[in-house]
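Student:
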Amino acid sequence: MLFNSPEFIFLFLPLTLLFFFLLGRKGYYQGAIAFLVAASLLFYAWWNPPYLALLIFSIFFNYTVGSALSKRLILSISPKLLLVLGIAVNLFGSHWLF
Numbered sequence: 043m044l045f046n047s048p049e050f051i052f053l054f055l056p057l058t059l060l061f062f063f064l065l066g067r068k069g070y071y072q073g074a075i076a077f078l079v080a081a082s083l084l085f086y087a088w089w090n091p092p093y094l095a096l097l098i099f100s101i102f103f104n105y106t107v108g109s110a111l112s113k114r115l116i117l118s119i120s121p122k123l124l125l126v127l128g129i130a131v132n133l134f135g136s137h138w139l140f
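First residue of the sequence shown? That's 43 in our numbering, and the numbers climb one at a time after it.
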């Protein structure tokens with residue numbers, strides 16, 4: 043699905059916005075954000091579903107590396123080395139998983 047495809051413009055986008063704003067209006071802010079994240083993952087998985095695994099891995103990996111860098115959770119690894127490792131996994135992750 044492309045941003046300019048009829049499926050996106052007339053079906054996916056209106057339904058996603060409708061549910062997002064309905065959930066937000068009822069006070070379910072966390073649910074609205076979770077729905078938007080799920081809709082985004084569905085949109086990106088529409089073209090090639092196996093890439094969804096790569097995207098989810100990338101999200102969790104980057105969150106973990108970012109948390110470790112900001113809180114210095116891994117004391118035995120220098121922050122520069124952890125940053126280089128994070129960048130390397132992002133650059134070459136698609137070759138390792140697929």
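Built from N, CA and C at the ideal position, the CB exists for glycine as well.
Nothing here was measured: the structure is a model prediction, and the numbers come from that model.
Out of I129, L94, F62, point me to the one whose CA is closest to T106's CA.
Tutor: Among I129, L94, F62, the Cα nearest to that of T106 is on I129.
Student: When you compare only the Cα positions, how much space is there between L96 and W88?
Tutor: Their Cα atoms are separated by approximately 14 Å.
Student: Pull up the CB-CB distance for L78 and F62, whole angstroms please, since I reckon it's below 8 Å.
Tutor: Sure, about 5 Å apart at Cβ, within 8 Å.
Student: Residues in its own chain within less than 8 Å of N104 by CB, not counting five upstream and five downstream?
Tutor: G128, N132, listed in sequence order.
Student: Is the CB-CB distance between L52 and M43 below 8 Å?
Tutor: Per the sequence shown, the amino acid found at residue 52 is Phe instead of Leu. Not closer than 8 Å, so no.
Student: For the alpha helix (DSSP H) that contains N104, what are its first and last residues?
Tutor: That run of the alpha helix (DSSP H) goes 92-113.
Student: Helix, strand or coil: which one does DSSP assign to I47?
Tutor: As written in the sequence, residue 47 is Ser, which differs from the Ile given in the question. In the structure shown, S47 sits in coil (DSSP, three-state: anything other than H, G, I, E or B).
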